[in-house]
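So the structure is just underneath, and the comments pick up after that.
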Amino acid sequence: MDIDKIKENIKGLIDQSREKLQTLFSTERDRRALLIGGVTIVLVVFYLVFHSFSSGTRNLEKRSALLEKELKEVKVLRAEYENSNKKIAELSSKIKKEKEALISVVEKILLDEKLDRKNFSIRDVNSRTNSDEDFYEEKSVDIELNKISLSNLVDILFKIQKKTSLKVSNLNISTKSGKSDSMNVKLRISTYEFKQVS
Numbered sequence: 632m633d634i635d636k637i638k639e640n641i642k643g644l645i646d647q648s649r650e651k652l653q654t655l656f657s658t659e660r661d662r663r664a665l666l667i668g669g670v671t672i673v674l675v676v677f678y679l680v681f682h683s684f685s686s687g688t689r690n691l692e693k694r695s696a697l698l699e700k701e702l703k704e705v706k707v708l709r710a711e712y713e714n715s716n717k718k719i720a721e722l723s724s725k726i727k728k729e730k731e732a733l734i735s736v737v738e739k740i741l742l743d744e745k746l747d748r749k750n751f752s753i754r755d756v757n758s759r760t761n762s763d764e765d766f767y768e769e770k771s772v773d774i775e776l777n778k779i780s781l782s783n784l785v786d787i788l789f790k791i792q793k794k795t796s797l798k799v800s801n802l803n804i805s806t807k808s809g810k811s812d813s814m815n816v817k818l819r820i821s822t823y824e825f826k827q828v829s
């Protein structure tokens, strides 16, 4: 390989390129067309870059708005969860204050009303859980009251109602004709105990 020959070839190529450029720029019209074409290419490239950047920015703004909305929803859910936990804690503390057995609490209410022990009976109903998904256990007693007056019944129900942890259900009242002051009453009293949440 001859270095001088290579140099001559490169020089020839440069000269040919120079001649072609001079012929392109030889007339004013050619120069103007070349300039307009170059500016058009630059504008197209600029538009494509700007468009891709702005569409990317719009996508990011949409995503940001969506994430902000989801964050607000999570904050609302968190507040609801904290309120629910507070209410459960309050209810649990009220229920735990009642340390006595349910039978004892009910018996005390009945004896405070000066009922004769012969005129009432209390039967423990096994404690039960409504389902595995429930977060409380129900404990109940069935009560039969015999020869009780309406005013005594109202007083008993009022005292039971005052205890926040007790609930009356299955109330059944029967009277003998002509004896409204001597009723027979059956009812169930229940209390609820929250399970330990794991």
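Take the sequence shown: its letter number 20 is residue 651 in the working numbering, and every next letter is one higher.
Glycine residues also receive a C-beta, built at the ideal position from the N, C-alpha and C atoms.
On a predicted model such as this, the values are computed, not experimentally measured, just so you know.
What whole-angstrom Cβ distance do residue i and residue j have, given they're in contact under 8 Å?
i	j	result
Val850	Ile820	Since the first and last residues shown for the chain are 632 and 829, residue 850 lies out of range.
Asn783	Leu746	7 Å
Leu776	Asn815	7 Å
Leu799	Ile791	With the sequence shown as reference, residue 799 is identified as Val, and Leu is not the correct amino acid for it. Sure, about 6 Å apart at Cβ, within 8 Å.
Under 9 Å between C-beta atoms, does residue i make it to chain D?
i	result
Asn801	Protein chain content of the structure displayed is limited to a single chain, and chain D is not contained in it.
Can you tell me where the alpha helix (DSSP H) holding residue i begins and where it ends?
i	result
Leu733	Leu733 to Asp743
Ser782	Leu781 to Lys793
Check for me: the beta strand (DSSP E) holding residue i runs from which residue to which?
i	result
Lys798	Leu797 to Lys807
Could you tell me whether the Cβ atoms of residue i and residue j are closer together than 9 Å?
i	j	result
Asp743	Leu781	no
Lys739	Thr822	no
Ile779	Lys817	no
Val736	Leu797	yes
What I want to know is whether the C-beta of residue i ends up closer than 8 Å to one or more non-hydrogen atoms of the ligand GTP.
i	result
Leu802	You won't find the ligand GTP in this model; it holds no ligand whatsoever.
_Check whether the region 700 to 718 and the region 738 to 752 are in contact - that is, three or more C-beta pairs closer than 8 Å._
no
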